[in-house]
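Let me begin by presenting the structure, written as structure tokens, before commenting on it.
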Amino acid sequence: MTSTGIRLHAPTPGWSIAADVVVVGSGVAGLTAALRCEAAGLTTVVVTKARLDDGSTRWAQGGIAAALGEGDTPEQHLDDTLVAGAGLCDEDAVRILVTEGPDAVRRLIATGAHFDESEEGGLELTREGGHHRRRIAHAGGDATGAEISRALVEAVRARGMRTIENALVLDLLTDADGRTAGVTLHVMGEGQHDGVGAVHAPAVVLATGGMGQVFSATTNPSVSTGDGVALALRAGAEVSDLEFVQFHPTVLFLGADAEGQQPLVSEAVRGEGAHLVDADGVRFMVGQHELAELAPRDIVAKGIMRRMQEQDVEHMFLDARHFGATMWEHRFPTILAACRAHGIDPVTEPVPVAPAAHYASGGVRTDSRGRTTVPGLYACGEVACTGVHGANRLASNSLLEGLVYAERIVTDIVASRAGDAFHARVPAPVAHPERPAHPLLAAEARFAIQRVMTDGAGVLRSAGSLEKAADQLQRLHSEARDALEENGKTAEPGVDTWEATNLLCVARVLVAAARQREETRGCHWREDHADRDDANWRRHIVVRLNPDRTLAVHTTDTADFPPTRQHHQEQ
276 MTSTGIRLHA PTPGWSIAAD VVVVGSGVAG LTAALRCEAA GLTTVVVTKA RLDDGSTRWA
336 QGGIAAALGE GDTPEQHLDD TLVAGAGLCD EDAVRILVTE GPDAVRRLIA TGAHFDESEE
396 GGLELTREGG HHRRRIAHAG GDATGAEISR ALVEAVRARG MRTIENALVL DLLTDADGRT
456 AGVTLHVMGE GQHDGVGAVH APAVVLATGG MGQVFSATTN PSVSTGDGVA LALRAGAEVS
516 DLEFVQFHPT VLFLGADAEG QQPLVSEAVR GEGAHLVDAD GVRFMVGQHE LAELAPRDIV
576 AKGIMRRMQE QDVEHMFLDA RHFGATMWEH RFPTILAACR AHGIDPVTEP VPVAPAAHYA
636 SGGVRTDSRG RTTVPGLYAC GEVACTGVHG ANRLASNSLL EGLVYAERIV TDIVASRAGD
696 AFHARVPAPV AHPERPAHPL LAAEARFAIQ RVMTDGAGVL RSAGSLEKAA DQLQRLHSEA
756 RDALEENGKT AEPGVDTWEA TNLLCVARVL VAAARQREET RGCHWREDHA DRDDANWRRH
816 IVVRLNPDRT LAVHTTDTAD FPPTRQHHQE Q
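The sequence shown: position 460 = 735 (the working numbering), numbered continuously.
Encoded structure:
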């Protein structure tokens, strides 16, 4: 796979440093990869868009799923994951996750993460949607992500690892042979360097998180603008299954016009016995699925949306008044505080909830060792598509996937460098193009993209809504392209314009894949194709970016998760 030659319009790097590995992102996946690389003796640089602890991991409430409880087995965890994935999980990838997961969690604990314990001294486990066992380990009641982030950040700082904070990664550097040679990045006014620079390295690990900000309302932080997926596409990598965006069923409803990051009401609240009800107090999920409120997330989100449509209302309610004040304060202090901050007291009243964009099940296509279709470029965590999640991620599998596949990436990097001239090789990247190859959008385009995506490619999709979305996105793309080609003009380079341009890139891919998949499966819901169609659509949609900035979209022949080209070359 060769690079597209497309890069964001940005100043030529004014400084550079060298490393064995550069890890982009500081969530559970990125910091786990960085710590393991450092332990293996590799010079590692961590680049993160905000502060080390400001990624999506810190917002994870529910916990981390693994077969750690008495009577539970990896095989049962595998079965639940495959069911949630609606026929599109790669079973080998899931088996890796569930078998290597328990020990990965134990290593996380050894790193310093403290999980809630039962009175007997073992891990206190709970249930979430789609799980038939109590296998969700949690910390601080509902602050699991914050505790994991704390432990990993402390470990990174204790080891004195080199980090570049407040830095937006721009593009992948490649050498004359098309191999990874590092990244360009922009430090946003703080930190050790200023302006645009480069980290030269023969291995790059993308752990940049999700792209929830492509929608108006999301549980994702403001930094989740799809930068990793957009970078990978410009570098020539393939992405897969991007149409499968999971909308979390129970996000605190702050009004129909609310935009940006919205407070999550964890699935664990339902796992502990909360009920979904309408304004009349009717439990509408009962009878729709054997697990009722604890059905997989796509089913619960659809159940809520159907009831909202039937009653012509904007939200449903989550009723956990029967928990009482003590349980709310002990088990869900973060959620309790967030609700009260918005004038809602879950102890005495039902909580208004509605679905919002939450997690990208698809992403940069990798193999079982985290390798993308670009040599030397790896991906793990939400930015990656390993085949684990299929059409719908099982609750609390995301933190586990970040752990397991980050470790597998490091194993591959170490193994592939053993005995070669890895440490002596200083990558020689192809020169930065003088003329901007990719026009930048104005910063305000971000909000236009979000409105287009929410209206046309949200929870409910149809041929009409997706066609309208595609046309509106194409208009934004064409206007920026024409301005560049006709008079050489483009928006001023900067964080806001780079983010808007990345959002448009991933939005176009998502809509293209959603238009292609003419069925309803997992968290992809087509009103005009209401049924799952295994005969025609139990397969994956793969997209790459052409050098002329058009999209190449193709569908795999089977449901098997396709190997990366690197894998082919080695056989």
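For every residue, glycine included, the Cβ atom is placed at its ideal position computed from N, Cα and C.
Quick check on the DSSP output: what are the complete beta strand (DSSP E) runs of length 3 or more inside the segment 385-439, in order along the chain? 437-439
If we ignore side chains and look at the alpha-carbon of each, how far apart do residue 768 and residue 755 end up? Here the question's residue 768 lines up with position 493 in the sequence shown. Here the question's residue 755 lines up with position 480 in the sequence shown. Distance between the alpha carbons of residue 768 and residue 755: 13 Å.
Near residue 534, which residues of its chain fall below 6 Å by C-beta distance, leaving aside the five closest residues on each side in sequence? By one-based count along the sequence shown, residue 534 stands at place 259. If we look at residue 534 and ignore the five residues flanking it on each side, its Cβ neighbours are 491.
For residue 834 and residue 703, I'd like the C-alpha separation in whole angstroms. Within the sequence shown, residue 834 is the residue found at index 559, counting from 1. Within the sequence shown, residue 703 is the residue found at index 428, counting from 1. Cα to Cα, the separation comes out at about 39 Å.
What would DSSP say about residue 591, mapped onto helix, strand or coil? Mapped onto the sequence shown, residue 591 falls at position 316. Strand.
Where does residue 526 fall in DSSP's three states? For the purposes of this step, residue 526 is identified with residue 251 of the sequence shown, where counting begins at 1. Reduced to three states, the DSSP call for residue 526 is strand.
By the DSSP assignment, the beta strand (DSSP E) with residue 475 in it spans what residues? As a first step, residue 475 is located in the sequence shown; it is residue number 200 there, counting from the start. According to the DSSP assignment, residue 475 belongs to the beta strand (DSSP E) that extends over 470-475.
Counted within 10 angstroms of its Cβ, other Cβ atoms place residue 495 as buried (16 or more) or exposed: In the sequence shown, residue 495 corresponds to position 220, counting from 1. The residue is buried, with at least 16 neighbouring Cβ atoms inside 10 Å.
Tell me the rounded alpha-carbon separation between residue 696 and residue 650. Your numbering for residue 696 matches position 421 in the sequence shown. Your numbering for residue 650 matches position 375 in the sequence shown. No answer about residue 696 holds up, because its pLDDT of 45 lies below 50 and its placement is not dependable.
Could you give the residue range of the alpha helix (DSSP H) that holds residue 311? In the sequence shown, the residue the question calls residue 311 occupies position 36. First-last of the alpha helix (DSSP H) with residue 311: 303-314.
Please report the straight-line C-alpha distance between residue 359 and residue 674, rounded to a whole angstrom. Position 84 of the sequence shown, counted from the first residue, corresponds to residue 359. Position 399 of the sequence shown, counted from the first residue, corresponds to residue 674. The alpha-carbon atoms of residue 359 and residue 674 are separated by roughly 16 Å.
Taking only the alpha-carbon atoms, compute the straight-line gap between residue 504 and residue 781 and give it to the nearest angstrom. The residue given as residue 504 occupies position 229 in the sequence shown. The residue given as residue 781 occupies position 506 in the sequence shown. Cα-Cα distance, rounded: 7 Å.
Buried or exposed: where does residue 500 fall if 16 or more other Cβ atoms within 10 Å of its Cβ makes it buried? Stepping through the sequence shown from its first residue, residue 500 is reached at position 225. Residue 500 is buried by the Cβ-count criterion.
Sub-9 Å separation of residue 679 and residue 429 beta-carbons: Taking the first residue of the sequence shown as position 1, residue 679 is located at position 404. Taking the first residue of the sequence shown as position 1, residue 429 is located at position 154. Contact: no.
Spatially closest choice to residue 318 from 477, 586, 684, 568, by CA coordinates: Position 43 of the sequence shown, counted from the first residue, corresponds to residue 318. Comparing Cα positions, the closest option is 477.
Check whether the segment 737-748 and the segment 433-453 are in contact - that is, three or more C-beta pairs closer than 8 Å. Verdict: no, contact absent.
Closest by C-alpha distance to residue 427, when choosing among 669, 792, 303, 800: On the sequence shown, residue 427 is found 152 positions in, with the first residue counted as 1. Out of 669, 792, 303, 800, 303 has the C-alpha closest to the C-alpha of residue 427.
Would you list the residues sitting across from residue 785 in a DSSP beta bridge? As a working note, residue 785 is residue 510 in the sequence shown. In the DSSP output, where bridge partners are listed per residue, residue 785 has none listed.
Integer-rounded CB distance, given that residue 401 should sit under 8 Å from residue 338: Reading the sequence shown from its first residue, position 63 is the one you call residue 338. Reading the sequence shown from its first residue, position 126 is the one you call residue 401. Between residue 401 and residue 338 the Cβ distance is about 7 Å, and since that is below 8 Å, they are a contact.
Assigned secondary structure, residue 613 (DSSP; H/G/I helix, E/B strand, else coil): Against the sequence shown, residue 613 aligns to sequence position 338. Three-state result, residue 613: helix.
Give a single yes or no on whether residue 716 has its beta carbon closer than 8 Å to a heavy atom of the ligand FAD. The ligand FAD is not part of this structure, which contains no ligands at all.
Three or more beta-carbon pairs under 8 Å between the segment 505-525 and the segment 632-640, yes or no? yes
Contact set for residue 379: own chain, Cβ-Cβ below 8 Å, skip 5 residues either direction: For this step, residue 379 is matched to residue 104 along the sequence shown. So the qualifying residues of the chain are 341, 675, 678, 679, 682.
Would you be able to state if there are at least three C-beta pairs under 8 Å between the segment 628-637 and the segment 574-585? yes
Spatial distance of residue 830 from residue 838 (CA atoms): On the sequence shown, position 555 is the one that residue 830 refers to. On the sequence shown, position 563 is the one that residue 838 refers to. Taking the straight line joining both Cα atoms gives about 14 Å.
Unbroken beta strand (DSSP E) run spanning residue 446, endpoints: Taking the first residue of the sequence shown as 1, we reach residue 446 at position 171. 442-449 is the extent of the beta strand (DSSP E) around residue 446.
From what residue to what residue does the beta strand (DSSP E) around residue 457 run? Position 182 of the sequence shown holds residue 457. Its beta strand (DSSP E) spans residues 455-462.
For residue 638, which of helix, strand or coil comes out of DSSP? Looking up residue 638 in the sequence shown gives position 363. Residue 638 falls in the strand class under three-state DSSP.
Exposed or buried, what is residue 324 when buried is set at 16 or more other beta-carbons lying within 10 Å of its beta-carbon? Along the sequence shown, read from residue 1 onward, the residue named residue 324 stands at position 49. The residue in question, residue 324, is buried, as its Cβ has 16 or more Cβ neighbours within 10 Å.
Compute the Euclidean distance between the alpha carbons of residue 568 and residue 523, then round it to the nearest angstrom. On the sequence shown, position 293 is the one that residue 568 refers to. On the sequence shown, position 248 is the one that residue 523 refers to. The C-alpha of residue 568 lies about 13 Å from the C-alpha of residue 523.
What beta strand (DSSP E) runs, 3 residues minimum, are completely inside the segment 478-552? List check, beta strand (DSSP E) in window: 478-481, 520-527, 550-552.
Under a three-way DSSP split, which group does residue 579 fall into? Working through the sequence shown from its first residue, we reach residue 579 at position 304. Helix, per DSSP.
Compare the C-alpha of residue 385 against each of 307, 364, 446 and name the closest. Here the question's residue 385 lines up with position 110 in the sequence shown. With distances taken between Cα atoms, residue 385 lies closest to 307.
Reduced DSSP category for residue 737 - H, G, I as helix; E, B as strand; rest coil: By 1-based counting over the sequence shown, the position of residue 737 is 462. Coil at residue 737, not helix or strand.
So, is residue 884 buried or exposed, given that buried needs 16 or more other C-beta atoms within 10 angstroms? With the chain represented from 276 up to 846, any question about residue 884 goes unanswered, as that position is not in the structure.
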